[in-house]
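Undergrad:
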DNA sequence: GTCCCCATTGTTAGCGTTGCCAATCGGGGC
DNA sequence: GCCCCGATTGGCAACGCTAACAATGGGGAC
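Chains as they are written, first to last, in the working numbering: chain A, 19 to 365; chain B, 19 to 365.
Encoded structure:
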């Protein structure tokens with residue numbers, strides 16, 4: 019054994035080998051275990067020893083082998099993320115927040131992006147991730163599909179849903195969105211509109227349902243007519259198409275479930291010769307960075323997606339330690355710009 | 019040993035343990051090695067044996083332990099990606115393409131997103147990824163920072179730069195962008211504009227330089243005045259600000275290095291009372307999904323970012339096998355919409 | 001002075017998989 | 001009928017690390 023180690027240490031191409039614990043131990047004149055303790059920051063190492071080992075580590079350029087560590091500890095310190103279309107601003111920023119928070123706590127992130135979203139594809143992605151040995155996963159996908167998929171995977175594999183809409187955080191995050199949508203609708207009502215039409219998102223997304231609920235609540239509470247909503251798939255193209263299904267002669271205010279659809283609506287409105295906000299007021303949701311530069315600058319609801327991502331990580335890491343962490347909620351804020359105004363006196 | 023195995027197999031909570039090769043082997047009545055061969059699809063296993071083993075695998079729900087496999091093979095079948103701001107449409111879609119191609123070839127993806135881009139942060143991310151034991155990495159970041167960082171990491175760690183602008187693919191991809199930018203500029207010239215102003219991106223991005231080069235080339239070739247370009251940071255806000263630095267009284271045509279900056283410019287132009295395309299024509303670059311719905315619909319250059327991502331994966335995987343794979347190039351295409359028109363006869 | 005305890009360090013087993021080499025078995029060639 | 005061969009299969013030793021326990025040594029309590 020010792021001969022073996024010697025041979026390693028003195029072989030001509032010793033430089034070429036990736037250094038391992040044993041190399042550091044030999045150089046520092048201690049056991050592997052002690053080096054391991056230093057690497058992991060164990061307190062029970064004498065200062066002198068620690069310094070000597072650290073010097074040896076630096077000298078040989080040692081880096082722990084995560085595969086070996088994972089094999090024995092059964093913890094990879096990696097979390098998985100299943101995401102939908104990255105062109106969705108919200109999803110992209112949430113991912114950013116997740117990544118940032120994970121990295122800050124010493125976790126790395128494995129990503130699976132799904133071109134097509136179905137319960138089975140989400141489930142498959144989750145299983146894949148699990149096979150990759152990630153410690154847990156976060157799903158940034160429509161709630162319905164995700165919920166089914168999450169419940170289908172083994173309970174031993176911790177998963178949290180993206181907007182923190184599940185479990186402990188459900189109430190908070192969901193109701194915060196509802197409240198924001200309601201505020202957006204009330205803003206239009208306050209301007210004097212008799213009612214507000216709605217351009218909703220896909221119904222299998224919890225975010226979408228929350229926004230529609232907030233809209234409806236505001237109208238009902240003020241005893242206004244609740245027009246039949248039209249729906250899109252979050253894209254500008256779908257927003258354009260959906261808007262054209264509305265009875266334009268009676269629309270004076272529109273609440274779109276996200277900014278891209280609002281842009282599509284703006285375009286369709288322009289195509290019909292209707293001016294915004296003179297003839298029709300429009301409110302979006304999300305506050306993408308371009309929102310302030312649309313024509314007209316879009317009144318919308320600002321969301322801190324990165325923060326949502328960070329909270330998901332907190333919840334997940336908590337669960338990994340068998341602790342329940344409250345996700346809490348980030349209140350989306352209405353940002354009033356120029357796409358909303360009092361209704362035309364007469365049409 | 020055998021007693022040990024028996025104990026495992028018959029202990030009351032056998033179900034709770036994650037099954038390993040030995041469990042399958044025992045159930046199928048073969049050696050671990052044979053099970054391993056079946057799992058890896060080795061041809062030298064008799065059909066009958068294979069079937070028996072496969073049944074056993076299914077019965078116990080065996081999944082290979084990637085950590086153990088990685089430890090011995092020194093291959094994780096995981097690639098790393100360093101990305102910049104995910105709010106950039108191009109970066110997000112490239113990431114999507116990378117993920118898709120990697121997954122299709124049995125690789126998974128570890129992601130690091132950098133809030134701030136510097137050579138050292140990119141380098142650190144690369145080192146991190148390497149410590150994560152990824153087989154190689156793709157950097158979707160500004161070329162200058164990335165290039166320095168990539169050359170700083172060990173040569174044994176294969177890295178490819180995002181747009182495939184490095185190494186073999188450099189010429190192709192770079193010149194394809196140049197050509198597209200040139201075509202965009204020529205489109206404006208063909209409409210009758212005497213020259214074209216330019217709203218460029220950050221100069222440390224190769225994409226940005228390629229687009230500026232294409233613009234300049236077109237002007238020089240037709241012996242037009244080359245106005246001093248202004249630059250932004252890809253964001254709509256920066257586009258808005260940069261546009262205001264231009265001598266608006268002489269601008270009739272503008273080529274922006276991406277769509278977001280074009281939107282910012284559109285907004286600034288409107289603020290100055292200039293109509294698009296009547297007074298000023300604007301061309302963008304990227305063709306984000308909303309581009310067709312801006313006011314006016316934006317003439318821009320369509321890019322297939324996902325394909326770029328896929329090619330990066332191909333190049334990287336090739337390099338992992340010591341093969342040089344040509345990245346080839348995807349030609350961006352000019353999409354003419356309504357933000358471009360002949361110049362006003364007189365101002 | 002003796003004993004015990006704590007702080008520190010070392011030793012010994014694996015973790016679950018694959019690589020290498022040896023062993024076994026049924027046939028075909030002569 | 002005997003030997004050699006190819007097709008299968010098994011045994012054993014790593015891979016690099018950590019958990020659990022053992023060992024060592026010096027200082028303080030009595």
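Heads up, the beta-carbon is just placed ideally off N, CA and C, and yes, glycines get one too.
#1: Closer than 8 Å, Cβ to Cβ, to anything on chain A: give me those residues from the stretch 116–128 of chain B, in chain order.
#2: Pull up the CB-CB distance for residue 216 of chain A and residue 311 of chain B, whole angstroms please, since I reckon it's below 8 Å.
#3: Between residue 267 of chain B and chain A, is the shortest Cβ-Cβ distance under 7 Å, so that the two count as touching?
#4: Give the residues of chain B in contact with residue 203 of chain A, contact being defined as C-beta atoms less than 8 Å apart.
#5: Check whether chain B comes within 7 Å of residue 35 of chain A, counting only Cβ atoms and requiring the distance to be less than that.
#6: With a threshold of 7 Å between beta carbons, is residue 279 of chain A in contact with chain B?
#7: Whose Cβ in chain B lies nearer than 8 Å to the Cβ of residue 107 of chain A?
#8: I want to verify the contact list: residues of chain B whose CB lies under 8 Å from the CB of residue 307 of chain A, in sequence order.
#9: Which residues in the same chain as residue 200 of chain B place their Cβ atom closer than 6 Å to its Cβ, once the five residues preceding and following it in sequence are excluded?
#10: Given this structure, state the Cα-to-Cα distance separating residue 351 of chain B from residue 345 of chain B, to the nearest angstrom.
#11: Give a yes or no on whether 7 Å exceeds the smallest Cβ distance from residue 40 of chain B to chain A.
#12: If you follow the beta strand (DSSP E) that residue 217 of chain B is in, where does it begin and where does it stop?
#13: Starting from the beta carbon of residue 258 of chain B, find every residue of chain A whose beta carbon is closer than 7 Å, and list them in chain order.
#14: When the Cα of residue 281 of chain A is compared with those of A:297, A:269 and A:255, which residue comes out closest?
#15: If you compare alpha carbons, which of B:112, B:169, B:210 and B:202 is closest to residue 229 of chain B?
#16: Give me the Cα-Cα distance between residue 296 of chain B and residue 214 of chain B, rounded to the nearest whole angstrom.
#17: Could you tell me the distance, in whole angstroms, from the CA atom of residue 80 of chain A to the CA atom of residue 36 of chain A?
#18: Mind checking if residue 273 of chain A is an interface residue toward chain B, Cβ cutoff 7 Å exclusive?
#19: Apart from the five residues just before and just after residue 124 of chain B, which ones in its own chain have a Cβ nearer than 7 Å to its Cβ?
#20: Residues of chain B with CB under 7 Å from residue 232 of chain A, in chain order?
#21: Please classify residue 128 of chain B as buried or exposed, where buried requires at least 16 other C-beta atoms within 10 Å of its C-beta.
#22: Exposed or buried, which one is residue 302 of chain A when buried takes at least 16 other CB atoms within 10 Å?
#23: Check each candidate in B:243, B:146, B:322 and B:263 and name the one with the smallest Cα separation from residue 250 of chain B.
#24: Quick one: grab the DSSP three-state call for residue 186 of chain A.
#25: According to DSSP, is residue 150 of chain A helix, strand or coil?
#26: Helix, strand or coil, according to DSSP, for residue 126 of chain A in the structure here?
#27: Give me the Cα-Cα distance between residue 166 of chain B and residue 142 of chain B, rounded to the nearest whole angstrom.
#28: With a CB to CB cut of under 7 Å and the five nearest residues on each side skipped, what residues in its chain are close to residue 54 of chain A?
#29: Can you find a C-beta in chain B that's less than 7 Å from the C-beta of residue 114 of chain A?
#30: Less than 6 Å between C-beta atoms, sequence neighbours within five positions excluded: which residues of the same chain meet that for residue 185 of chain B?
#31: Hey, is the stretch 329–337 of chain B in contact with the stretch 105–122 of chain B, meaning 3+ C-beta pairs nearer than 8 Å?
#32: Suppose you measure from the CA of residue 195 of chain B to the CA of residue 168 of chain A; what does that come to, to the nearest Å?
#33: Find the residues of chain A that neighbour residue 284 of chain B, judging by a C-beta separation of less than 8 Å, and give them in chain order.
#34: Does any residue of chain A have a CB that is nearer than 7 Å to the CB of residue 151 of chain B?
#35: Does residue 235 of chain B come within less than 7 Å of chain A when only Cβ atoms are used?
#36: Using a C-beta to C-beta distance shorter than 9 Å, which residues of chain B count as neighbours of residue 220 of chain A?
TA: A quick look at the data gives this:
#1: Using a CB distance below 8 Å, the part of the stretch 116–128 of chain B facing chain A consists of 117, 118, 121, 126, 127 and 128, ordered along the chain.
#2: Contact check for residue 216 of chain A and residue 311 of chain B: beta-carbon distance about 19 Å, past the 8 Å limit, so the pair fails to qualify.
#3: No, no contact with chain A.
#4: Correct list: empty, because the minimum Cβ distance to chain B is about 23 Å.
#5: The beta carbon of residue 35 of chain A does not come within 7 Å of any beta carbon belonging to chain B, so the residue lies off that interface.
#6: Not one chain B Cβ lies under 7 Å of residue 279 of chain A.
#7: For the C-beta of residue 107 of chain A, the chain B residues within less than 8 Å are, from N- to C-terminus, 105.
#8: Chain B residues near residue 307 of chain A: 105, 253, 254, 255 and 278.
#9: Excluding five sequence positions before and after residue 200 of chain B, the CB atoms of its chain that fall closer than 6 Å to its own CB belong to 232, 235 and 236, given in chain order.
#10: Spanning the two alpha carbons is a distance of roughly 18 Å.
#11: With 7 Å as the cut-off, residue 40 of chain B does not count as an interface residue toward chain A.
#12: 215–218 is the span of the beta strand (DSSP E), which, as asked, contains residue 217 of chain B.
#13: Residues of chain A whose Cβ lies closer than 7 Å to the Cβ of residue 258 of chain B are, in chain order, 311.
#14: Of all alpha-carbon atoms in A:297, A:269 and A:255, the one lying nearest the alpha-carbon of residue 281 of chain A is that of A:255.
#15: Distances from the CA of residue 229 of chain B to each of B:112, B:169, B:210 and B:202 were compared; the closest alpha carbon is that of B:202.
#16: Taking the straight line from one Cα to the other gives about 15 Å.
#17: Taking the CA atoms as reference points, residue 80 of chain A sits about 8 Å from residue 36 of chain A.
#18: Taking 7 Å as the threshold, the shortest C-beta distance from residue 273 of chain A to chain B does not fall below it.
#19: Excluding residues within five positions, the ones whose Cβ falls inside 7 Å are 95.
#20: Neighbours of residue 232 of chain A on chain B: none; closest Cβ ~24 Å, over 7 Å.
#21: In the assembly as shown, residue 128 of chain B is a buried residue. Its beta-carbon has 16 or more other beta-carbons within 10 Å.
#22: Counting Cβ neighbours within 10 Å, residue 302 of chain A comes out buried, since at least 16 surround it.
#23: For the options B:243, B:146, B:322 and B:263, the alpha carbon positioned closest to that of residue 250 of chain B is the one of B:263.
#24: Low confidence applies here, because residue 186 of chain A scores a pLDDT of 47, under 50, leaving its location unreliable; read the following figure in that light. Correct three-state label for residue 186 of chain A: helix.
#25: Coil at residue 150 of chain A, not helix or strand.
#26: Looking at residue 126 of chain A - three-state DSSP - the assignment turns out to be strand.
#27: Taking C-alpha positions only, residue 166 of chain B is separated from residue 142 of chain B by approximately 12 Å.
#28: Only 39 meet the Cβ criterion.
#29: Yes, its Cβ sits closer than 7 Å to a Cβ of chain B.
#30: With a pLDDT of only 49 at residue 185 of chain B, under the threshold of 50, the placement of this residue in the model should not be trusted, and no figure is reported.
#31: The way I'd put it, the stretch 329–337 of chain B does touch the stretch 105–122 of chain B; three or more beta-carbon pairs between them come closer than 8 Å.
#32: Approximately 43 Å between the Cα atoms of the pair.
#33: Within chain A, the residues near residue 284 of chain B are 311 and 313.
#34: It does; some Cβ of chain A falls within 7 Å.
#35: Residue contact with chain A for residue 235 of chain B: absent (no Cβ-Cβ distance below 7 Å to any residue of chain A).
#36: Near residue 220 of chain A there are no residues of chain B at all, since even the closest Cβ is about 16 Å away, more than 9 Å.
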